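S.K.: If you read the protein sequences in the order shown, they are chains C and W.
Under numbering that gives the first Met the number 0, the residue at position 463 of the first sequence is numbered 462, and the numbers go up by one with no gaps.
Under numbering that gives the first Met the number 0, the residue at position 128 of the second sequence is numbered 127, and the numbers go up by one with no gaps.
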Amino acid sequence: MLETGVRQLRMALSMVWGRPFHTDSLTRLVADAVATIDEFGELGLEAREVIETPFADDADRVDHADRSLRRTARRLAELSPFYAEWFAAHGFQARTADATTLLGLPVTTKDHLMSRPRDFVCRGSQPHLATRTTGTTGRALEVWLSRYELEVAAALGALSAVLHDELHGGDLMQVHVSSRATAAVQLSAMTCRLVGARCRVLGIIAVDDALDALAGSATTMSVNASYLAELVVAAQRRGLGPADFRLRRIDCVSEILSPAVRAAAEQVLGAPVSDNFGMTEVIPVTGTSCSAGHLHHDLTMGHVEVLGLRSGVAAMPGELGTLVVTPYFPYRECMPVLRYDTRDVVRQLPGPVDCEQAGIPATSAVLGKATQLIEVTPERVITPRELVEAVEDLPSRPWPARFHAEPEDGRLRIDLPAGAVAGLSNAGLTDHFAERGLDAQVRVLEDHRAPGLRRVRSDLRELSFAAAEPVGA
Amino acid sequence: MSTPTSATLPTLLALCVAITGTLITIALCVLYLRRVRMDRPAIGTFNGSDIVVLFGFIVALPLFYLILPLTPLLVALGLTFTSALVIGLRPMIGPTATWIVVGIVIAANIWMGRTMLGTVVGWQLFWIENDILVVCAAVTTANLYVQGGMRLRHVAWFGLILAVYDAIFTFVWPVTNTLAQRFIGWPFDPSVGFRIGIYNATIGLGDLLVYGLFVIAALKAYGPRAARGATIIAVLCGAVVPALLPVLTDVFIDARTDVIVPAQAAFGPAAFLYYRWLRRTYGAERTMAGFLGELDVDRPSTPALAASVP
Ligand SMILES: [Zn+2]
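Here it is, written out as structure tokens:
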């Protein structure tokens, strides 16, 4: 008990003063939390305040951001070859950096990282694990993480999961993200190990194999939205229902999760689905969705900005913007980025929110990649989310959505495979999209062209000798 | 007619004080455990390293007591009692009433310790007031530990280590005696005691704390039946045997004829053996969550044994 207090204090001091975490102490603190639950059935009151920085007010929040940014920038100026040069080139003073002066520094893009990856590795850090982005846009980017970063992220993740009862010793976590997303896979396994839960990493395998493993066994699942959609379709085809599963939560990461797929997943698999934001480049900064559909951003481990797509400065309420994220030291130390432009588009909320996470700043959910926005007219920009939600809401339930859309004569043209529009007339289709705010004309294509229309992560099938599964079927 | 120097009266007095003190402490510990839920930290449960820390305190504390002048020592003791009482009473009667009650009890202790010790009746009244204070502190502390996750295994090992410690410090290096002497007649005497005639008999706060811990840890781990067994051991080995030993030999009666016995030396081994027996018979201990889930249920013995019982 006394040791636990000391460990908590050490963690709190690291969080407040920005000193590197003592990873052994942090790891043992997770074990303490698990032992506490074993003994008492639950943690004591005020447990959440242990890892969540309780910001008293906006000034408190700004102060935390300013101090964390200055600490992070000073370290980068000293140790990161890229940022030493970048700061000098743009006259950015790391010593006096804060959330305001940061606005004067151009964002770091994926191109920067792709072209000079080695210059992002901080001197003196020890890269341990390479992880590659598995997004559907462009070439894969390689990010190196140190052992320290993984241990800190896993321990803080495990602590948070235990505190929120998202994971406990009796759980079996089944992981369906690409096996090449090594950081996500590794962190899942490490988190389970710390909590004493079982972990089954399967990757993007044949859905029937995944369902066989899932049924009556796994209690939590980490999955991409497109693969979740395939699982739900397959489960329904096989006549499986909530009684066949033991799931108590489903964590959906990356990709657009439509309300239709989410509702069906909750109904068929019998567990609530949480929709989270996370990105390899900005680990461990994450966002979580609330019941109102907002994306709430973690402000303890990183700085999150929304920059207007056109203006490049802080987005106005209601405006579309790209998420620009800065993970703080001491959470990231090996190959950190500052003001990283994720190109994930969100909408700045028009006003204050009153959901269950009202204290945590929020934006809309991620609406898609900036490169995939469709400008029908200068006033009307259509986001991938609108399209995915509308297509996945079709009566035929064509999941995951396969479509292509582009502007044509001031309207939107949507190409859909024949299977997706089954049972609907042309007028019916136009009405369907009009009801969802989309003035669109539909062009029907042959079904075999479906997989080429829109790439999703569940296309990254991992093959086995046993199952010959037609990909994208 | 026996003379006042005979061993009968001090022995009887010691026996009465020890048995009464032990039984009242145990009863209140059990009542408190069943009725009152104390606050606990967000994360943390009692574990083996806490025993080490606790023992470190117990070893270091008497040395402190011997080194420190009396005034800071009394202040430290007063603060210790105050915090123990506040922690224990607050979950029952709320913060305001707690501070009022604690203020009165502490103030009365100081006042009585300074003014009433001229007569035997004064002594007796002081002892009664001090005894209430000490028993409350023992009950609170025992519950703080057990409700904080301390297990019977921890208590058993703790008792065993204390037995060795107690024997050494009573016979080899008699700090315990010096200590007991030092506090008598001052406020915040960390023992339950009483006076008849020229005799003072006491049983230490530490002893009572260990007995209380042992019984409620047994109750938590294995249920009321195990707690009754633990009570018998605490009373016999912790109170009766130490009180009767001076009848057999006079090494326990010091120059002032106050009875000084290493009570833990008899209790520790017995408690440890009892714990081993419980564990072998009934299996793993219940957790606090398990205890609260089935408050008055005895642990069934392990299946193999249960089958052999008709
Ligand atoms: Zn919200």
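Note that the Cβ used here is the ideal one computed from N, Cα and C, for glycine as well.
Computed from a predicted model, the values in this text were never measured in an experiment.
#1: Going by beta carbon distance, what residues of the same chain come within less than 8 angstroms of residue 351/C, once the five residues before and after it are set aside?
#2: Output the residues surrounding ligand 1, defined as those with a CB atom closer than 6 angstroms to any ligand heavy atom, in chain order.
#3: Using 8 angstroms for Cβ pairs, my map puts residue 112/C next to residue 140/C. What's the rounded Cβ distance?
#4: Spell out whether any CB of chain C is found under 7 angstroms from the CB atom of residue 157/W.
#5: Can you name the residues of chain C whose CB is closer than 7 angstroms to the CB of residue 297/W?
#6: Can you round the beta-carbon distance between residue 214/W and residue 57/W to whole angstroms, since I take them to be within the 8 angstroms contact cut?
#7: Shorter than 7 angstroms from the beta carbon of residue 293/W to some beta carbon of chain C?
#8: If I measure Cβ to Cβ from residue 108/C and keep anything under 6 angstroms in the same chain, skipping five residues before and after, which residues do I get?
#9: Along the region 39 to 66 of chain W, where does the CB come closer than 8 angstroms to a CB of chain C? Name the residues.
#10: How would you list, in chain order, the residues of chain W whose beta-carbon sits under 8 angstroms from the beta-carbon of residue 49/C?
#11: I need the DSSP call for residue 349/C, collapsed to helix, strand or coil.
#12: Taking its Cβ as the centre, do 16 or more other Cβ atoms sit within 10 Å of residue 472/C, making it buried, or is it exposed?
#13: For residue 75/W and residue 251/C, what's the separation of their Cα atoms in angstroms?
#14: According to DSSP, is residue 22/C part of a helix, a strand, or is it coil?
#15: Under DSSP, the beta strand (DSSP E) around residue 127/C begins and ends at which residues?
#16: Can the beta-carbon of residue 109/W be found closer than 7 angstroms to that of residue 186/W?
#17: Between the region 359 to 376 of chain C and the region 153 to 161 of chain C, can you find at least three pairs of beta-carbon atoms closer than 8 angstroms?
#18: Can you give me the C-alpha to C-alpha distance between residue 14/W and residue 284/W, rounded to a whole angstrom?
#19: Work out the CA separation of residue 36/C and residue 226/C for me, nearest whole Å.
#20: State the DSSP-derived secondary structure class of residue 305/W, mapped to helix, strand or coil.
#21: Expressed to the nearest angstrom, what Euclidean distance is found between the alpha-carbon atoms of residue 334/C and residue 354/C?
#22: Measure from the alpha carbon of residue 327/C to the alpha carbon of each residue in 44/C, 31/C, 381/C, 148/C, then state which is nearest.
#23: Could you give the residue range of the alpha helix (DSSP H) that holds residue 319/C?
#24: Would you mind listing the alpha helix (DSSP H) stretches within the region 104 to 183 of chain C that are 4+ residues and don't spill past its ends, in chain order?
#25: Is the beta carbon of residue 0/C closer than 7 angstroms to that of residue 43/W?
#26: Looking at the unbroken alpha helix (DSSP H) that takes in residue 125/W, where does it start and where does it end?
#27: Using a cut-off of 9 angstroms between C-beta atoms, extract the partners of residue 288/W located in chain C.
#28: Can you tell me the Cβ-Cβ gap for residue 310/W and residue 157/W, rounded? I've got them flagged as a contact below 8 angstroms.
#29: What are the boundary residues of the beta strand (DSSP E) that includes residue 200/W?
#30: Using only CA atoms, which one of 426/C, 245/C, 162/C lies nearest to residue 31/C?
#31: Could you check whether residue 237/W and residue 262/W sit closer than 7 angstroms to each other, using their CB atoms as the reference points?
#32: Within the continuous beta strand (DSSP E) that includes residue 356/C, where are the two ends?
#33: Just to make sure I have the definition right: I need the residues of chain W whose C-beta is within less than 7 angstroms of the C-beta of residue 7/C. Which are they?
M.R.: Reading off the structure:
#1: Stepping through the first sequence from its first residue, residue 351/C is reached at position 352. So the qualifying residues of the chain are 357.
#2: Any residue whose Cβ sits closer than 6 angstroms to a heavy atom of ligand 1 makes the list: 289/C, 291/C, 293/C, 295/C, 352/C, 354/C, 356/C, 361/C.
#3: Taking the first residue of the first sequence as 1, we reach residue 112/C at position 113. Taking the first residue of the first sequence as 1, we reach residue 140/C at position 141. Residue 112/C to residue 140/C, Cβ: 6 angstroms. Contact.
#4: In the second sequence, residue 157/W corresponds to position 158, counting from 1. Not closer than 7 angstroms to any Cβ of chain C, the Cβ of residue 157/W fails to qualify, so no.
#5: Within the second sequence, numbered from 1, the residue matching residue 297/W stands at position 298. Taking a Cβ-Cβ cut-off of 7 angstroms, residue 297/W has no neighbours in chain C, whose nearest Cβ is about 20 angstroms from it.
#6: Your numbering for residue 214/W matches position 215 in the second sequence. Your numbering for residue 57/W matches position 58 in the second sequence. So it is not a contact: roughly 20 angstroms between Cβ atoms.
#7: For the purposes of this step, residue 293/W is identified with residue 294 of the second sequence, where counting begins at 1. Output row for residue 293/W: interface = no.
#8: Locating residue 108/C in the first sequence gives position 109, where the first residue counts as 1. For residue 108/C, where only same-chain residues beyond five positions count, the Cβ hits under 6 angstroms are 340.
#9: The residues in question are 39, 40, 41, 42, 43, 44, 45, 46, 48, 49, 52.
#10: For the purposes of this step, residue 49/C is taken as residue 50 along the first sequence, with counting starting at 1. Result: 41, 42.
#11: Locating residue 349/C in the first sequence gives position 350, where the first residue counts as 1. Coil at residue 349/C, not helix or strand.
#12: One-based indexing of the first sequence puts residue 472/C at position 473. Bear in mind that the predicted position of residue 472/C carries a pLDDT of just 41, short of 50, making it too unreliable to give a figure here.
#13: Mapped onto the second sequence, residue 75/W falls at position 76. Mapped onto the first sequence, residue 251/C falls at position 252. Looking at the two C-alpha atoms, the distance is approximately 56 angstroms.
#14: Within the first sequence, residue 22/C is the residue found at index 23, counting from 1. When DSSP states are grouped into helix, strand and coil, residue 22/C belongs to the helix group.
#15: Taking the first sequence and counting its residues from 1, one reaches residue 127/C at position 128. Bounds of the beta strand (DSSP E) holding residue 127/C are 126 to 131.
#16: Along the second sequence, one-based indexing puts residue 109/W at 110. Along the second sequence, one-based indexing puts residue 186/W at 187. Contact flag set, yes.
#17: Contact fails: fewer than three Cβ-Cβ distances are below 8 angstroms.
#18: As a working mapping, residue 14/W is identified with position 15 in the second sequence. As a working mapping, residue 284/W is identified with position 285 in the second sequence. A direct Cα-to-Cα measurement between residue 14/W and residue 284/W gives close to 33 angstroms.
#19: Here residue 226/C is taken as the residue at index 227 of the first sequence, counted from 1. Here residue 36/C is taken as the residue at index 37 of the first sequence, counted from 1. Roughly 33 angstroms separates the two Cα atoms.
#20: The residue you call residue 305/W lines up with position 306 of the second sequence. Reliability of the predicted coordinates at residue 305/W is poor, the pLDDT of 40 falling under 50, and no value is obtained from them.
#21: In the first sequence, counting from the first residue as 1, residue 334/C sits at position 335. In the first sequence, counting from the first residue as 1, residue 354/C sits at position 355. About 35 angstroms.
#22: To locate residue 327/C, count along the first sequence from 1; it is residue 328. For the residues 44/C, 31/C, 381/C, 148/C, the minimum Cα distance to residue 327/C belongs to 148/C.
#23: As a working note, residue 319/C is residue 320 in the first sequence. Looking at the DSSP string, residue 319/C is not in any alpha helix (DSSP H); the run it does join, the beta strand (DSSP E), is 319 to 326.
#24: The region 104 to 183 of chain C contains these whole alpha helix (DSSP H) runs: 109 to 114, 146 to 162.
#25: Reading the second sequence from its first residue, position 44 is the one you call residue 43/W. Reading the first sequence from its first residue, position 1 is the one you call residue 0/C. Yes, Cβ-Cβ distance for residue 43/W and residue 0/C is below 7 angstroms.
#26: Indexing the second sequence from 1 puts residue 125/W at position 126. Taken as a continuous stretch (DSSP letters only), the alpha helix (DSSP H) holding residue 125/W covers 119 to 146.
#27: Translated into positions along the second sequence, residue 288/W becomes position 289. Those within 9 angstroms of residue 288/W in chain C are 36, 37, 38, 39, 40, 41.
#28: With chain W running from 0 to 309 in the structure shown, residue 310/W is simply not present.
#29: Taking the first residue of the second sequence as position 1, residue 200/W is located at position 201. Residue 200/W -> beta strand (DSSP E) spans 198 to 203.
#30: As a position in the first sequence, residue 31/C is number 32, starting the count at 1. The option with the nearest alpha carbon to residue 31/C is 162/C.
#31: As a first step, residue 262/W is located in the second sequence; it is residue number 263 there, counting from the start. As a first step, residue 237/W is located in the second sequence; it is residue number 238 there, counting from the start. Taking C-beta atoms as the reference points, residue 262/W and residue 237/W count as a pair closer than 7 angstroms.
#32: As a position in the first sequence, residue 356/C is number 357, starting the count at 1. Element bounds for residue 356/C: n/a, residue is neither H nor E.
#33: To locate residue 7/C, count along the first sequence from 1; it is residue 8. By Cβ distance, chain W contributes 42.
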